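Numbers given in the working numbering equal positions in the sequence shown, counted from 1, plus 7. Built from N, CA and C at the ideal position, the CB exists for glycine as well. Keep in mind that this is a model prediction, so the values were computed, not measured.
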Amino acid sequence: MQNANLFFTLASCIFFMGLVAFISWRKTRGGVDSRDGYFLAGRGLGSVFIAGSLLLTNLSAEQLIGLNGSAYGFNLSSMAWEVTAAVATIAMALIFLPRYLAGAFTTLPEFLADRFDADVRRMSVILFMLGYGLITIPSVLYSGSIAVMQLFDVPDLLGISYFEALVVTVLTIGGIGSIYAIFGGLKAVAVSDTINGIGLLIIGILVPVLGLIALGEGNFGLGLDKLVSDHPEKLNAIGGEDDPTPFGTLFTGMLFANLFYWCTNQYVIQRTLGASSLAEGQKGVLFSGFFKVLVPFMMMIPGVIAFHLYGPGLGSIDQAYPRLIKDVMPVYLAGFFLAVLLGAVFSSFNSLLNSAATLFCLDVYGPWRKNKASDADLVRVAKIASIVIALFSFVMAPLLYFAEQGLWQIIRIFTGFYNIPTVVIVIMGLFTKRIPAIGAKIVIVFHVTAYALLRFVVDEAITIHFLHQYAILFVIEVMIMLIAGYLRPRETPWNFKINAQVDLQPWRFAKPLAATLFSCVVGLYLLFSSIGLASGEGLGTLFYSLMMTIVLANIIYWAWAAKSRTVAPSNQPI
């Protein structure tokens with residue numbers, strides 16, 4: 008990149024990032040001094056900020072590279088991780104969120120203390136804090152920095168070694184993300200995420216459009232025709248056993264992995280717990296589900312375009328997206344793209360940092376002080392905890408460079424230690440009344456032990472896909488809790504205590520919108536299958552017949568919902 012272009016790119020990037028920072032500061036000043044203000048944005052987040060923050064928290068630079076690389080090297084089967092998440096957002100909006108808001112919970116362990124006991128709360132906090140502090144936060148920072156370096160060749164731009172460039176990128180991304188999380192609390196995170204989310208949508212649409220124009224040698228229509236007619240197998244989302252994501256895993260472990268991530272993972276659900284009302288929370292969560300349905304078009308189709316442009320000859324599948332960006336992105340947009348990319352990376356980082364500090368303050372420090380700490384004291388300790396965690400991650404993240412080949416395996420392993428037991432305990436806690444705390448404790452100990460054996464002792468001897476293993480463990484752990492409830496039931500049944508701090512009137516269109524969202528998931532799989540574009544013969548009668556049936560069913564359901572005026576009472580956790 009020439010010096011003039013480099014200067015323009017950096018200047019425009021700084022301008023856009025500065026604009027995001029200024030708007031975030033204006034939106035949050037004076038509103039982060041209280042407990043709810045700092046940790047839950049004053050319980051005043053609207054649907055737009057919830058959806059925008061959920062989108063950016065979940066999507067980051069490594070997914071831009073990884074998903075496009077998977078599409079380039081294989082097919083669209085890995086879209087399952089993103090698209091089926093929409094189903095989990097439906098469960099969050101209709102089942103979990105009403106109960107979380109009815110209890111006015113700030114953290115998931117707080118709910119577990121109410122449902123079971125303080126020991127279950129401590130055990131869950133330990134699992135989350137170890138996972139976040141040792142692995143998730145450093146790895147997000149590291150992998151995001153690697154993605155930025157791949158796309159913009161930072162070592163060459165700065166004239167320094169690769170490791171030195173990694174340290175600089177880690178400190179830059181981590182420092183910016185820390186400022187939002189430490190000084191602005193959840194609201195600053197949500198506001199900055201939303202603005203960057205708009206930028207991500209613009210870039211997500213622009214890149215495939217520019218790619219198709221390049222594929223069509225200046226003609227968008229010709230490029231689109233080549234995309235759907237040449238190599239139609241690349242547009243197949245129905246993964247086989249040799250594909251990265253076999254189709255069968257959608258109905259086993261992936262279902263539970265998504266339920267954990269979208270319904271029980273503190274750093275994701277925290278912005279929904281700050282909703283100004285149940286209706287706003289439901290809108291935000293469901294809107295984020297529609298964004299997930301768009302991910303294949305924004306983050307996988309460019310990988311297919313790269314295959315058409317460059318063939319299978321790239322040295323690594325992860326080079327597909329950076330190569331496409333360098334070839335099709337105009338210089339005058341490079342700064343905007345870099346700002347959006349950095350925003351996506353430090354969004355995940357600052358969300359994790361904010362949630363880790365929240366867990367420490369409210370589930371460790373608060374109970375230790377016997378819940379007598381003032382709001383000012385909690386906010387002060389949260390800022391100190393955030394700084395300590397951030398500094399620790401700055402040290403840990405670059406060190407992952409020396410274990411690069413094992414990075415993704417490490418992330419997968421440590422997530423598996425706490426995702427399934429958390430989902431099991433929360434579901435059984437919400438929907439049963441007699442299961443005792445001992446059942447939850449046994450499940451946690453059993454899962455950590457069994458999962459460690461699966462990963463470190465018998466891993467090579469087990470041929471079952473790890474997502475299927477998730478499902479098997481889920482079933483076993485549900486049985487453990489049911490048996491505990493049968494053998495040693497609670498003396499008195501647990502009753503949900505209503506402590507609502509916001510309006511619990513549900514959004515009257517939540518269910519029909521959820522039905523439409525689920526229909527979009529089904530339609531997307533029909534489109535990217537042998538019934539649709541992957542056939543190589545165009546869209547046939549069967550595809551159109553099935554789609555018309557889905558559309559007609561939605562029209563009927565929406566018409567019925569529009570006439571119906573019956574909603575649940577506002578004081579009931581539906």
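Nearest candidate by alpha-carbon position, reference Ala48, set Gly247, Thr365, Pro337: Thr365
C-alpha distance - Phe118 paired with Phe135, whole-angstrom precision: 14 Å
Identity of the residue in Leu234, Ile97, Ile449 nearest Leu540 by Cα: Leu234
Within 8 Å, strictly: CB atoms of Val433 and Glu484: no
Stretch pair the segment 295–304 + the segment 88–104: three plus CB contacts closer than 8 Å: yes
DSSP three-state assignment for Ala351, whether helix, strand or coil: helix
7 Å Cβ shell around Leu549 - same chain, five flanking residues per side excluded: Ile538
Cutoff 6 Å; reference Gln412; Cβ partners in own chain excluding five residues on either side: Below a pLDDT of 50, predicted positions are generally treated as unreliable, and Gln412, at 47, falls in that range; no measurement from the model is reported.
CB of Pro309 within 8 Å of CB of Gly218, strictly: yes
Collapsed DSSP secondary structure at Ala507 in the structure displayed: coil
Simplified DSSP assignment, three categories, for Ser526: helix
Whole-angstrom distance between Gln326 and Glu467, CA atom to CA atom: 30 Å
Phe356 beta carbon less than 8 Å from that of Gly151: yes
Among Gly138, Phe190, Gln289, Ile563, nearest to Ala58 - alpha-carbon criterion: Gln289
Proximity winner among Cys527, Trp565, Asp370, relative to Arg129 (alpha-carbon distances): Asp370
Own chain residues within Cβ distance below 8 Å of Ser168, not counting five before or after: Pro162
Residues near Gly80 by beta carbon distance below 7 Å, same chain, minus five either side: Ile324
Range covered by the alpha helix (DSSP H) that runs through Pro239: That residue, Pro239, is in no alpha helix (DSSP H); it is neither H nor E in DSSP.
Range covered by the alpha helix (DSSP H) that runs through Ala327: 327–335
From Val338, Gly436, Ala197, Ala507, residue whose alpha carbon lies closest to that of Gly53: Ala197
Among Val132, Ala154, Leu62, nearest to Leu348 - alpha-carbon criterion: Ala154
Paired residues, beta bridge with Ala282 - DSSP: Leu52
Beta-carbon proximity list for Ile332, same chain, < 8 Å, skipping 5 on both sides: Leu158, Val214, Phe344
Beta-carbon gap between Leu104 and Val292 smaller than 8 Å: yes
Three-way DSSP call (helix, strand, coil) for Glu467 in this model: coil
Within 8 Å, strictly: CB atoms of Phe463 and Ile142: no
Inter-residue spacing [alpha-carbon to alpha-carbon] between Thr456 and Lys448: 12 Å
Reference Ile391, options Gly192, Ile30, Gly166, closest by Cα: Gly192
Reduced DSSP category for His475 - H, G, I as helix; E, B as strand; rest coil: helix
Delimiting residues of the alpha helix (DSSP H) encompassing Ile427: 426–438
Closer than 7 Å: Asn357 CB and nearest the ligand SAH heavy atom: Absence of the ligand SAH is noted for the structure shown, with no ligands found whatsoever.
Rounded C-alpha distance that separates Met435 from Ile442: 8 Å
Distance, Ile133 Cα to Arg42 Cα: 22 Å
Three-way DSSP call (helix, strand, coil) for Arg42 in this model: helix
First and last residue of the uninterrupted alpha helix (DSSP H) at Phe118: 115–122
8 Å Cβ cutoff met for Arg495 and Ile445: yes
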